[in-house]
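Visitor: One structure follows; several queries about it will come next.
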Amino acid sequence: MSRPLRLVQVAPYPILPASAGGKIRIVQLARALCKLGVEVTIVAPYHVTQRRALAEREPFRLYQVPYAPFLLSFFLVDRPFPYGMLVSFHPGYRALLPISLASFDVCQVEHPAFVDLVRDLPQSIPVVYGAQNVEFDYVSAESGPGFVRRVAGSRVRALEERLLARAAHVFACTDADARRFGELYGVSQERVSVLPNGVDLAALDAVRANGQGMTPAAPARLPRRVIFAGSDVAHNRAAVRAVLKRIAPALEREVEFVIVGPCARRFRDESGPNVCLDPDGDVARYAGTGAVGINPVVAGSGSSMKLLQYLACDLPVVSTPFGLRGFQAFAPWVVTAELDDFPGVLRQPLPAPGGRVREQLTGYEWSAVAAKALDVYERLARRA
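Below, the structure is given as structure tokens:
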């Protein structure tokens, strides 16, 4: 191809600021692809926090779709149905798209809720499903048992099946997700590539070195500081509850727990004497001597980006076996334990991972992830 490859990504939610796992994946992949010479355009629902000034700093082009009904789902804190199902009902959304998806070489759809946007796309335009989870599994876990789970699961499974039928290729976050697409939908593994979640080592190093203008975190009040980072989604909220109810009380005089990220906002009235909540905090800001990163998640799909952040900050890591999914390559540097065993493990000496893990992390930098994606895009574009 004599000109830059043109990629459009259809995002299911506002992506800026990139404060949660799915948003981070979309934005970081787009940034890294731009550095490789790809012309990246992202189409995302409008939100007041997604300010033009933020978009102007990015190397990709962002188009916002002013679809008013979506705003309701953002403000419903305890919505009865998961977001991924609610936004799949969007009559008129396609008519509001400010660009034609057919004007790109490759169209990547990040969520099955928006499969209708490629319904009339010419077959000559390859579609990629940029799966952050097996969405049926994720929605089923988020909904819990009962009527909501049946309705939401049925809806999302049908949409995911349609997207997989249209997609020329699928990006899965983990080997387990790739296999699951085959089990659930009969997707040939030749059509699936594992595109893992990544890490921005340079950005984390900069924060650790000089804070990039941020106020330094207060010194730990107890001999050990334990950090949990997460976005405001069901499996992270369950992990925070486990910290507040089962782990932190057992270590009240020994360990200070710091909950950083959007998941901390829900628990302002439930914090314990040895728990600090920082919704706008950053792992790198709290990393230091005696700090440990934990991943007490027991449900979800995809992989936990926080694990890479902990290791990149040279933190010892304690995780449930489930929390390590997708990152088995880092098993030598992660202590795995069931939730009830976390207090005992956190009392033990936990050495920092050291230099060898850094070598392993370089293969998960977003530049490496983007290079793998670009190989797929170029192959699909040549076939078109």
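Residue numbers (my numbering): 2 to 385. Note that CB positions come from ideal geometry on N, CA and C, so glycine has one too. The structure presented is a predicted model; accordingly, all values stated were derived computationally and were not measured.
#1: Have a look at G85 and A239 and give me their C-alpha separation to the nearest angstrom.
#2: In chain order, what residues of the same chain lie with their CB nearer than 6 Å to the CB of G214, ignoring the 5 residues before and after it?
#3: Write down every uninterrupted run of the alpha helix (DSSP H) in the region 233-275 whose length is 4 residues or greater and which is fully enclosed by it, in chain order.
#4: V195 bridges to which residues according to DSSP?
#5: Could you tell me the boundaries of the alpha helix (DSSP H) in which I25 lies?
#6: Mind checking who G355 pairs with in its DSSP beta bridge?
#7: Over what stretch of residues does the alpha helix (DSSP H) that includes A285 continue unbroken?
#8: Give me the DSSP bridge partner(s) of Y64.
#9: In the structure shown, what three-state DSSP assignment does P152 receive?
#10: Quick one: what's got a C-beta closer than 8 Å to V346's C-beta in the same chain, skipping five residues either side?
#11: Figure out for me which residue from S20, L17, V284 and V66 has the closest Cα to the Cα of I100.
#12: How long is the line joining the alpha carbons of F82 and P146, rounded to whole angstroms?
#13: How do the region 284-304 and the region 230-237 stand: do at least 3 beta-carbon pairs fall below 8 Å, yes or no?
#14: How would you call F90, buried or exposed, if buried means at least 16 neighbouring beta carbons within 10 angstroms?
#15: Can you find the residues in the same chain that come closer than 8 Å, C-beta to C-beta, to Y68, ignoring five residues on each side of it along the sequence?
#16: Might you give, ordered along the chain, the residues of its own chain that have their beta carbon closer than 6 Å to the beta carbon of Q310, omitting 5 neighbours on each side?
Guide: Quick look at the numbers:
#1: Counting from 1 along the sequence shown, the entry for residue 85 is found at position 84. Counting from 1 along the sequence shown, the entry for residue 239 is found at position 238. Between G85 and A239, the C-alpha separation is close to 19 Å.
#2: As a position in the sequence shown, residue 214 is number 213, starting the count at 1. Residue confidence for G214 is low, a pLDDT of 43 falling below 50, so the modelled location carries little weight; the figure read from the coordinates is stated next. Here the set comprises nothing.
#3: 235-243
#4: As a working mapping, residue 195 is identified with position 194 in the sequence shown. DSSP lists A173 as partners of V195.
#5: The sequence position of residue 25 within the sequence shown is 24, counting from 1. Taken as a continuous stretch (DSSP letters only), the alpha helix (DSSP H) holding I25 covers G22 to K36.
#6: Sequence index remark: in the sequence shown, residue 355 carries index 354 (1-based). Residue pairing by DSSP places G355 in no beta bridge whatsoever.
#7: The sequence position of residue 285 within the sequence shown is 284, counting from 1. Where A285 is concerned, the enclosing alpha helix (DSSP H) stretches over V284 to Y287.
#8: Within the sequence shown, numbered from 1, the residue matching residue 64 stands at position 63. Its beta-bridge partners are V44.
#9: To locate residue 152, count along the sequence shown from 1; it is residue 151. According to the sequence as given, residue 152 is Val; it is not Pro. The answer is helix: DSSP assigns V152 an H, G or I state.
#10: Taking the first residue of the sequence shown as position 1, residue 346 is located at position 345. Correct list, in chain order: V319, V336 and A338.
#11: Within the sequence shown, residue 100 is the residue found at index 99, counting from 1. Checking every option, the nearest Cα to that of I100 belongs to V66.
#12: As a position in the sequence shown, residue 82 is number 81, starting the count at 1. As a position in the sequence shown, residue 146 is number 145, starting the count at 1. Using only the alpha carbons, I get a separation of about 12 Å.
#13: The region 284-304, when compared against the region 230-237, does touch it at the 8 Å Cβ threshold.
#14: Position 89 of the sequence shown holds residue 90. It counts as exposed.
#15: Walking along the sequence shown from the start, residue 68 turns up at place 67. Within the same chain, P46, Y47, H91, G93, Y94 and L97 come within 8 Å of Y68 by CB-CB distance, once the 5 residues on both sides are set aside.
#16: Along the sequence shown, read from residue 1 onward, the residue named residue 310 stands at position 309. Same-chain partners within the cutoff: V284.
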